Amino acid sequence: MNEKELRIGKITALLNTAVRSKNSDDYNKYLMPLENEGNKPTLKKILDVQVAEKNRQKAEAKIQEENEDQIRLDKARLML
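When you line the sequence shown up against my numbering, it's residues 208 to 287, in that order.
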């Protein structure tokens, strides 16, 4: 994922938060950077970026969990 897609993903997440809170001022504030890009991303592109971001977060969580498991295993070995 390139930098522009990451920016779009972050802005989209902020937009979703603003929509959920029904705060139109925040919505407009976070929508402006997308409008200033010159071309608004399509819904498909926004959804693709969101899916990629979720997959990245899941992968990071899995790696962290594996690291924690390894640390617990190492501690258990030291106790023996």
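Every residue gets a Cβ at the ideal spot worked out from N, C-alpha and C, and that includes glycine.
In this text, all values refer to a predicted model and were calculated from it rather than measured experimentally.
With distances taken from CA atoms, which of Asn223, Ile278 and Ala259 is nearest glutamate 212? Ala259
Decide if threonine 219 is buried, meaning its Cβ has at least 16 other Cβ atoms within 10 Å, or exposed. buried
If you count every other CB in all the chains shown that lies within 10 Å of the CB of isoleucine 253, and 16 or more means buried, which is it? buried
To which residues of the same chain is valine 256 closer than 6 Å at the C-beta, ignoring the five residues directly before and after it? Glu212, Ile215 and Gly216
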